[in-house]
Each structure stands twice: as C-alpha cells, then as structure tokens.
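Read the structure below first, then the notes.
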Amino acid sequence: MASLEAVLSTEELLEEILQYVDMRTLLASCQRVNRFWRSTIKSSIPLQRALFLQPEASPGPPRRIRRMNPLLMTHFPFWFKGPDHPQDYLTKREKNGYYAFSSLSLFRASIRTADNPYLREDASWRCMLTAQPPVTVLGIMENSLHGMQFREHLSIRCYPVPKDPLPGSTAGLRMGEFYDMVLRHCATWEVSGFTVMQRIDQVPKDRLLHVADMPEALEAELVKLRDQEIQVLLQLFSTSGCFIGRVPREKYAFWNVGLLIEDDKLGSQLLKTPSVF
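Throughout, this note's numbering is defined as the position within the sequence shown, counted from one, plus 21.
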C-alpha cells in the first residue's frame, strides 16, 4: 500500500498513469480525488491535450485527419457532422441542426427547468477544442430568405495555432464560441436553422458538390469557401416564410437565453446552476 501511495504521489508517474484513463473519467472524476491530482492534471500538457484543452504541438500536414472531440460529439452531435452525412437544404427538418438538437433530452430538460446549464462561463466544454489537431479555419455561410429576396453572406474565421503552443494556449476553434455562433443566430431569428459539415477539407473538390447536396444558387458560394481552405463549414439559415416552420415558444425561449445572459442580474441567476461538465 505504501508503494502504491508513493507512485500516486509522484507527479511524473501519476501523469503517465492518467494518460491511459478515458476522457470523461479524467475530466470529471480524477480531478476530484485530491488537490495534488487536480494540480497534476491542470499542469500536464499531455493530459490537457487528452482533454482537448491544449492544442497539439503542431497541426500537422494540411490533409491530416483530425480527431473529433468525443465528449462534445456526445453532447452536441449536430455540430459534428462529416462528409459521410450529406448536407440537405434546410427546408428538411430532419437535416436541420436546430430541430435535431431540440429533439435531444438535454434540450428538453433545460426547458423544463427554465435553465440552460450549458451557458455557465466556467464550464469545461466551453474551453475545449472541437478537434485535435485544432480547427484553424472555419467557413460561415449565412443564407436568408425574406419575402422574395434571397441573400447570402460568406465569412471566414481563422484560429491560428503556433508550432509550439504555450501552456494555457487558447489557439484553435473552441466549442464555446462555436456553440454561441449558432445560439445567437437561432435566438435572433424566430424561424432559423443550421447545419455543420466537419472535415470539409478532406473532401476532394471534384466530389464536394456531390457530398454537399444544396441548391445550385449556393454551390458556387460553397466552392469559394472551399478554395479558401476552410476545414469546417457552418451554414446558418433564416426565413420569414414557412419553409422551416415556426419555432414553438418554449423552444425559442431556450435559444433566446443566450442573448439575455448579458443582463447581469439574470446572468448571475443562471450561472448558479451546476455545469454539465
């Protein structure tokens, strides 16, 4: 017993052992053992990388396949679609990320309790990288249909990662910002939707339009973004018509809380609730 305690009390040995622990246990359980364990996990670059909190030393070759964050994929599955899941136009509810996400039990539970634990500023998931190596180029395609006018807006966000990121680096696309983009969009427009295509840079250009099934009017815009070497595509859609269907009031309130969080009094009430992870 004494020898076991000695091993678990040695930072280098504990770090080596914890690298074989699954991500959820490492994040939620191991850090609660004692202060020494928590300090070891917080200060260990290999363990922080395993938790998707610290970017890998180098993004690697441009065509290197990124590993999706498994914990985020479980809780936010509709932010992690890939080229094997063809993207349909947002008039189809079953392929609309908003409707798909609102069908999850965690969404309904948040509505029933009039609370959204995912908005806690100190929640670990908000700081997590969506992938390793990190996503460094995000393409955003905003499409709106109001009356007979169809508009689109393209933008690119870059999250550069240095070759040797320092401990505590915030480089790379983090889930908190990625989630907030969608949250604010769906809160701003009562009739709205979104889809995400991960690993779009892994799809050859000659196959891209076969994988991304969308109207011809948008295909040229998608090619423009692909030419900018985006790695993930986020498509945001809004309409004043009935193409998606009106959002039920209680579900709209769930998204709207993302804007109300800026109110200090309301924010302090929401942030008292326990974080999911």
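Note that beta-carbon positions come from the ideal geometry of N, C-alpha and C, so glycine has one too.
Predicted, not measured: the structure shown is a model, and the values here were computed from it.
Pairwise C-alpha distance: residue j and residue i
i, j, result
"V42", "P155", "22 Å"
"L68", "A241", "42 Å"
"L47", "L166", "45 Å"
"F57", "S64", "11 Å"
"F199", "M162", "14 Å"
"T95", "T31", "33 Å"
"R70", "I177", "26 Å"
"W276", "L150", "Caution is warranted here: a pLDDT of 47 is assigned to W276, below 50, making its placement in the model unreliable, and the coordinate value is therefore given only provisionally. Going from the Cα of W276 to the Cα of L150 covers about 22 Å."
"C148", "L194", "9 Å"
"S24", "N55", "18 Å"
Selection from the options that minimises the alpha carbon distance to residue i
i, options, result
"K226", "E250, F215, C207", "E250"
"M89", "C148, S64, S60, Q153", "Q153"
"V253", "H96, K102, A144", "K102"
"R172", "C148, Q256, S24, V224", "Q256"
"V224", "L72, F73, R70, V244", "V244"
"V203", "S24, R228, W100, M218", "W100"
C-beta atoms of residue i and residue j nearer than 7 Å
i, j, result
"L93", "M196", "yes"
"Y180", "T216", "no"
"P188", "P76", "no"
"F258", "N164", "yes"
Residue i (DSSP reduced to helix, strand or coil)
i, result
"A49", "helix"
"A71", "helix"
"M218", "strand"
"G193", "coil"
"Q153", "strand"
"S65", "coil"
"E36", "helix"
"F258", "strand"
"R87", "coil"
"L187", "coil"
"E250", "coil"
"V158", "strand"
"V268", "With a pLDDT of only 46 at V268, under 50, the local geometry of the prediction cannot be trusted, and no value is derived from it."
"E173", "strand"
"E77", "coil"
The ligand NAP heavy atom lying under 6 Å from the CB of residue i
i, result
"D185", "The ligand NAP is not part of the structure shown, which contains no ligands of any sort."
Whole-number beta carbon distance between residue j and residue i, since they are thought to touch under 8 Å
i, j, result
"E220", "R87", "It is Arg, not Glu, that sits at residue 220 in the sequence shown. Correct: roughly 7 Å between the Cβ atoms."
"R59", "Q52", "4 Å"
"I62", "L39", "7 Å"
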